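What follows is one structure encoded as structure tokens, with my remarks underneath.
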Amino acid sequence: KDVTPKSMNDEQQSMQALKQYGSYIVMAIVLALGGYFGWQYWQNHGGRIDEAASTDFAKIQASEDNLANLSSATDDKAQAQLATAQATFNKDVDAFIAKHGNSVYTWQALMLKAKQQTDGNDNKGAIATLQQAMALNIKDDGLKAIATLRYAQALLSNNQADEATKALQNPMPQAFEASKLELLGDI
Numbered sequence: 340k341d342v343t344p345k346s347m348n349d350e351q352q353s354m355q356a357l358k359q360y361g362s363y364i365v366m367a368i369v370l371a372l373g374g375y376f377g378w379q380y381w382q383n384h385g386g387r388i389d390e391a392a393s394t395d396f397a398k399i400q401a402s403e404d405n406l407a408n409l410s411s412a413t414d415d416k417a418q419a420q421l422a423t424a425q426a427t428f429n430k431d432v433d434a435f436i437a438k439h440g441n442s443v444y445t446w447q448a449l450m451l452k453a454k455q456q457t458d459g460n461d462n463k464g465a466i467a468t469l470q471q472a473m474a475l476n477i478k479d480d481g482l483k484a485i486a487t488l489r490y491a492q493a494l495l496s497n498n499q500a501d502e503a504t505k506a507l508q509n510p511m512p513q514a515f516e517a518s519k520l521e522l523l524g525d526i
């Protein structure tokens, strides 16, 4: 071991270096801690919200699969089960929408509900559901375009060609232009 005392010059140089670079060191420590605690917060808060929405949506998908299985049966008992399952499905979707607000999962739930309504010849219900899907504040132009196209199709099925044409006047991503033009041709 070196037991010789440090000279005053070494201590002065160390203090000078600490004064010069100390603020950078403190800043790096603060940023690292802020990043760590921010990540922990996101994992504990944001991740749980997505996980809850995913779990709730899986229940809706299972309910929709049950509806698909029941719709192929023709006996009276199965028809009664189908009516009960449809009412439960609609109630579950409405509860999901109220709980999860403006999310992609909500959009998907609304699309499933509109599909069920269309399959059940409830065009007015499908139109209202698709309007709700179009009104969601999601930042995906493709999903908005899909909702708009399906909305226009539902309007056309309900003999509302003028409203369908108006709905298709909104700008869409280039990838959806062919579908838009095809639907305009159908109108």
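Each residue of the sequence shown is one higher than the one before, starting from 340 at the first, in our numbering.
Don't be surprised by glycine CBs; every beta carbon is placed ideally from N, CA and C.
Because the structure is a prediction, the values reported are computed rather than measured.
Item	Value
Cα-Cα, which of G464, K454, N441 and N498 is closest to Q400?	K454
Indicate whether S353 and A392 have their beta-carbon atoms separated by less than 7 Å.	no
Can you tell me the Cα-Cα spacing of L522 and Q499, whole angstroms?	13 Å
Relative to the C-alpha of Q508, which candidate in A484, S410 and A407 has its C-alpha closest?	A484
Is the beta carbon of W446 sitting closer than 7 Å to the one on I477?	yes
What residue range is occupied by the uninterrupted alpha helix (DSSP H) comprising G310?	Residue numbering for the chain in the displayed model covers 340 to 526; residue 310 lies beyond these limits and cannot be assessed.
Since M450 is in the alpha helix (DSSP H), which residue starts that stretch and which ends it?	V443 to D458
Just to confirm the assignment, what range does the alpha helix (DSSP H) spanning S411 have?	Element bounds for S411: n/a, residue is neither H nor E.
Would you please state the rounded distance, in angstroms, between the beta carbons of A493 and T457? I believe it to be under 8 Å.	7 Å
Could you please give the first and the last residue of the uninterrupted alpha helix (DSSP H) stretch that includes N462?	N462 to A474
Go ahead and pull the three-state DSSP assignment for I526.	coil
I'd like to know whether the C-beta atoms of L495 and A506 end up nearer to each other than 7 Å.	no
Taking the alpha helix (DSSP H) that A514 falls in, what are its first and last residues?	Note, A514: premise wrong, no alpha helix (DSSP H); not H, not E.
Go ahead and pull the three-state DSSP assignment for I368.	helix
Just verifying my parser: in three-state terms, what is the DSSP assignment at Q499?	coil
Leaving aside the five residues before and after S410 along the sequence, list all residues of the same chain whose C-beta is less than 8 Å from its C-beta, in chain order.	L421 and D458
Which of the three DSSP states, helix, strand or coil, is assigned to L406?	helix
Which value, in whole angstroms, describes the spacing of the CA atoms of D461 and P510?	28 Å
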